[in-house]
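So in my numbering the end of the sequence shown lands on 277, straight run, no missing numbers.
For glycine and all other residues, C-beta sits at the position ideal for the given N, C-alpha and C.
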Amino acid sequence: EGRYTFTIMDRERDGMCCGDGEGRYVVAYQSTGDMIAQGSEFGYFESTTFSVPYKQPAFKDNDADGRDDTTKNVYPPLVYPCVNKLGINVKTDDYGVETTFELWTRSNTEDYTGGTLVASGGPYTSDHEYNLSYCLNPGKYTFVLLDWACDGLSGTSVDGSYTLDVNGVEVYEGPQTWADEGQYYELVKLEFTNGIGDELKSGSSEARLNKEYGVFSLAFVTFSAMIMGWI
């Protein structure tokens, strides 16, 4: 127990960037998996002071960039009543710092970033299970799981996994190892059709994976190189 200050320094004064690849760091409280600090680009040093036991602070966005000041993640606005509930279960491998996710509204373009970023999560601590849920407005969404090392949730000594559920029913289980070497992310297209005034329908009959593409559709993107920065 006590109060501590974590400081990371870089003699090149550019943080974990840029000429030899992009890197990042994360400080997490292992017993709860809560993120204490994360970063990538900074000057000579960056510091975070925190107390142990650690309690995750309430959402703050003092710089008005739409992201939480601590986690740098986006959280969706509250929707009530909750008739379109997306559940995300992520069990990290032994390199949790590599894993993040994003949830976007679907655009009319092939580029998923043409939509609006609704929620994001990670990077995470290693060998930890996270159960997240979001209440969403009706519409079409794209869930994106990203892995900086391009090897999915296949670790060295601990393997991870992830599943998605809609209104309490599991609709997708992601693979531990991705099909293509160098694959940076995996996309799952979702559609929620319950109107805000509707009753919550059990199962996924009224809020389901995009029917246009069958049970689910996946899209893959590969990068020729992805370099992690380690301290």
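Rounded to whole angstroms, the gap between the alpha carbons of residue 93 and residue 239 is 45 Å. It is roughly 33 Å from the alpha-carbon of residue 64 to the alpha-carbon of residue 154. Only buried fits residue 129, as 16 or more other CB atoms lie within 10 angstroms of its CB. Runs of the beta strand (DSSP E) lying entirely within the region 63-93, each at least 3 residues long, are 71-75, 80-85 in chain order. In terms of CA proximity to residue 158, 187 leads the group 168, 187, 50.
Cα atoms of residue 144 and residue 195: separation of roughly 6 Å, rounded to the nearest angstrom. Judged by pairs of C-beta atoms under 8 Å, the region 109-116 does not touch the region 132-152, as fewer than three such pairs exist. Beta-bridge analysis with DSSP links residue 97 to 49. Per DSSP, the beta bridge partners of residue 135 are 177, 209.
According to the DSSP secondary-structure assignment, residue 165 is paired through a beta bridge with 149.
The three-state reading of DSSP puts residue 187 in strand, counting E and B together.
The region 211-220 and the region 160-174 do not touch, with fewer than 3 CB-CB distances between them shorter than 8 Å.
Non-local beta-carbon contacts of residue 86 in its own chain, meaning distances under 7 Å to residues more than five positions away in sequence, involve 61, 62, 63, 68, 69, 70 in chain order. Take residue 124, set aside five residues on each side of it, and the residues of its chain with a beta-carbon closer than 8 Å to its own are 181, in chain order. Counted as a single uninterrupted DSSP element, the beta strand (DSSP E) harbouring residue 235 occupies residues 229-238. In this chain, the beta strand (DSSP E) harbouring residue 220 covers 215-220.
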